[in-house]
Each structure stands twice: as C-alpha cells, then as structure tokens.
Amino acid sequence: NEVTQHAHPDGSMRTIAPLLLLVGAASAFTTNAARLATPRVAASVRMGLVEELVSALPTTEPIKAALAAVPLPDELVTGLAVAPYAVVAALVLRTAFERLLVPVLCSSGSAEQEGSLKSQQYTRGRKLGGGNYGAVYEGFKGDEDEPSVVIKETSQKAELVDGNLANFGLSELYMNQKLMLCGQGGNIAKFQGHYYYGGDLCMVYQREGELTLADALKGKDFPYNVEEALTGKESGEESLELQAKLIRKMAGQVFGALDGIHSWSVVHRDVKGANLVLSDREKRFKLIDFGAACDTASGTNYDPRIQVFDKEFGPPEADLYKATNGQEGGFVVGAGGKFDVYCAGLLVLQMCFPPLRGPNGVKRFKAAIVNYDYDLAAWRESVEGTKGYAEGVEILDNNGGWKLLAGCLKESPGQRISSSAAASSGFCRA
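Mapping of the sequence shown onto this note's numbering: position 425 corresponds to residue 425, and the numbering continues sequentially without gaps.
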C-alpha cells in the first residue's frame, strides 16, 4: 500500500504510539513465559499453535517501513514488528488460564471440599446487614480486639427461584475466588477465604469500611461528606468546582472497578450504591455482593430461566424481562458488561442530581427517558430551570458528562459504550 509505505514519520508515530504500552506488556509477558518454559514446550509453541494463529495476520513490513525513518532503539523496532505474535500469544494464554480456573474453582466450592479457612479462627461480631442472601457480620480473627474482617453467611444449598434451582452462595464464592486470582483485589472487597459452619457457607473479606455509596448519597451534604475519605483531607470548601471533582472521581472509580471485572468476563448484574463500599485504606469505592454475577467465559451462574434484577437499577432489558414475564428481554450474554454500564450511568445521575437520590427518583427518571425515546438531550431540556438540577447540569456540561451518560444510557445494550471506554472518558479523568 503506497500510502502506508510512504507515510510521514510523525503521522506514523501518532498512529503507533497508543500501541506501545500494549506491545511492551505483551512482549514482556511472552518473553518471561518463554524463559520459564522447557525447551521442548517453547519449541512446540513456536512451531505449532502460535504460528497457526498468526498466519492470517497482516505482514509486519508496513510497520517496519513506517518506523524506518524514526530514530528508535533496535529493540523497540523489533518489538513492534513481532507485536502481532506477542498479542496473540498473550490472548491465548489468558483464555487458557480462564478456562483452567473453572474446574478448580467449582470443585473448591463443592460440599465435599473443606473450606480454605477454619471456623475456629473467627468470631462473629455486630450484624452489619441482612436480606434474602443471608447475613453480614463484622468479624474478629483470633484474639484481636478490633474487627479486621467481614463475614458473609449464606446457605450453601440450592434454592428455588421462579421454579428453577439456583445457588447464589456458591456462585458468589466462585466469582470472588476468580477475581482475586485474576488480580482484581483493588476493585472488589478483598476476599480472604471461606469456611462452613452449621450448614452455612461463610465467606471472609478484609474489612474495607462501612460507608456505601448508597449511604453517602443519603447525606444532605453529598458529595462533601466523602471528601476526606476520598482525598485524605477536608478543605471545608463548598463549591461547584469541588462538587465536580468529587463526583468525577467517584464515577471514575465505579467505571474503573467495572472495567477490571469485565476484563475477566465477570458481569456483576446488581450494580447500585448499596453494592459499592468505600475502602478506608485505599480511598476508593469497591464492588461487593457478587451473588447475582455471572462469568460469561464459562457460563457460571447464567441460566436464561433465572434472571435476578434490581427493580430500581435494572437496565431496559431487565425491565422488559419483568414486564413480559420472561418472554422478552433479559441479560444479553453477548453484550457482556454493557448491562452494568447502564446501572453505573444511573449512579452518576444520582450523584449529580439530588431529586434522583430520594425514594423513586431513579424510577421517575427511567419512566421519563422512555417517554423521550432515550433521548438524554431532550430529558436535559425538560429539567432545566427545575429546582435541584441546575448544578448537576452545569457539572455535566463543563466536563463532557453528557457525552458519557449518552453512551451509557442507550436502550439497546449493544449500542452502549464499554466500561473501559467510560473509565477513560474525559469526565472520569478528574
């Protein structure tokens, strides 16, 4: 291709620059893997699987030609040239790793297996919450004076949901184990292990904190009530600029956490303020409660006949499923994390607009946006001049927030932006 071969060096570098980080990471990953592999395995990979997979990739000559006029180290040029091979190898290894995890994690949660922890190590303290899923307690490990863990007790037995058997307890155990093994401890409450006691499955988490996003949103002084927890200091200032900074920071944390779990094929399916806890140590909101989550790579905890959605925060496909008694709508496996993206978009709206934080606030918005045929700009016009909306409108106007929300709140899950795109949006880079 004449245009590609004679491209201006500066233009070529602008095109290639975003790939450098990916290439470096993938190359380092495959290089280290090759060093650890036996010569026989390494030779087999070189001569077999990888060569077959990359045979359909375009030639690397245009990349070499584009870089020829640019003064770069030989190692970097070589790295870029072999980038397609490195990326494919990394993807193959990642997929294999996910597949290998499934039987291991499923067996660890079976009734025949012992827990990874001993019940004698822990003592229950004050009850923190409860519901259909079981109960959550603060916990003491050994003889410690202050609680350092949270213990979630739930039944290890399957239960009937809409006439079908489901086991949300073991499913949550699986999701926690997988995400911790996949390095997602910064995005979820850190899972330490599990044990069985009196017929119940007890899951133990590091005690991150007690304030949830739902609790924070109830405060009349939101978002100033989380300033110190998020930034480490309390300015005493109350300004639109500080409001915007805090809201954008929280939005980035929510979408960033979702991006992390979605990158490993886990969809939460119950994203709401009550399921985001503020970590005192890490100064960020983290996802909790994975009982409804599913693993789209393995199909774990996905059954089209069992679809458990939150009535308030469920996206349009969830509302349609409920309205048609399961005949239409429901979670779309192929759309993956787009289900969660809609719910997170609703949370950003709540952060910006006080009227949406009260009882039925989100429900009213969802009814209104349907009437406007999911035209967010039309809804924006309808609330201009209405009490409680002015500051939120300005925050979204000044920081690219409407573009972010327009991408999140599409009716069709396939048309929504990904959690990765949301996390990297201008609004979330506060």
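By construction, the Cβ of each residue, glycine as well, lies at the ideal position given by its N, Cα and C atoms. As the structure is a prediction and not an experimental result, all values here were calculated from the model.
Selection from the options that minimises the alpha carbon distance to residue i
i	options	result
residue 278	240, 295, 212	212
residue 299	174, 285, 181	174
residue 215	245, 206, 273	273
residue 367	425, 354, 346	346
residue 344	320, 310, 327	310
residue 221	203, 246, 202, 340	246
residue 117	201, 416, 171	201
residue 289	416, 295, 275, 387	275
residue 185	199, 170, 205	205
residue 126	137, 119, 386	137
residue 122	142, 128, 129	142
residue 191	177, 326, 389, 417	177
residue 380	349, 360, 363, 231	349
residue 198	170, 156, 166, 223	156
residue 238	296, 416, 414, 391	391
Residue i classed as buried or exposed, judged by whether at least 16 other C-beta atoms fall within 10 angstroms
i	result
residue 370	exposed
residue 399	buried
residue 422	buried
residue 303	exposed
residue 449	Here the chain covers residues 1 to 430 and nothing more, so residue 449 does not appear.
residue 240	exposed
residue 131	exposed
residue 144	exposed
residue 152	buried
residue 323	exposed
residue 333	exposed
residue 172	buried
residue 446	Not covered by the structure: residue 446. The range shown for the chain is 1 to 430.
residue 425	buried
residue 325	exposed
residue 318	buried
residue 360	exposed
residue 363	exposed
Limits of the unbroken beta strand (DSSP E) element including residue i
i	result
residue 126	122-131
residue 141	134-141
residue 206	200-206
Spatial neighbours of residue i in its chain, beta-carbon cut-off 7 angstroms, leaving aside the 5 residues before and after
i	result
residue 179	188, 261, 264, 266
residue 456	The requested residue 456 is not part of the displayed model; the chain covers only 1 to 430.
residue 255	344, 419, 422, 423, 428
residue 124	137, 139, 151
residue 365	349, 356
Cβ neighbours of residue i in the same chain (closer than 6 angstroms, five flanking residues each side left out)
i	result
residue 411	316, 374
residue 168	291
residue 226	216
residue 196	115
residue 134	153, 154
residue 395	244, 352
residue 24	In this prediction, residue 24 has a pLDDT of 49, which is less than 50 and means its spatial position is unreliable; what the coordinates show is noted afterwards. Taken in chain order, the list of residues that qualify is empty.
Span of the alpha helix (DSSP H) around residue i
i	result
residue 352	338-352
residue 172	168-181
residue 149	Residue 149 -> not in any alpha helix (DSSP H); beta strand (DSSP E) instead, spanning 149-155.
residue 365	361-371
residue 316	316-323
residue 382	376-383
residue 392	390-398
Sequence-distant residues of its chain with Cβ nearer than 8 angstroms to residue i (five each side left out)
i	result
residue 280	208, 209, 229
residue 234	227, 228
residue 43	Note that residue 43 scores 42 on pLDDT, short of 50, meaning its location in the model is unreliable and no value can be drawn from it.
residue 376	369, 402, 405, 406, 409
residue 285	213, 250, 253, 254, 257, 276, 277, 278, 279
residue 388	353, 354, 355
residue 383	353, 389, 393
Cβ of residue i within 8 angstroms of any chain B Cβ
i	result
residue 267	In the structure shown, chain B cannot be found, because there is only a single protein chain.
As assigned by DSSP and simplified to three states, the class of residue i
i	result
residue 241	helix
residue 224	helix
residue 231	helix
residue 286	strand
residue 193	strand
residue 417	coil
residue 278	strand
residue 332	coil
residue 410	coil
residue 215	helix
residue 303	strand
residue 259	helix
residue 267	strand
residue 161	strand
Check: residue i C-beta below 7 angstroms from any heavy atom of the ligand HEM
i	result
residue 283	Inclusion of the ligand HEM in the displayed structure is not the case, the ligand content being empty and no account of it being possible.
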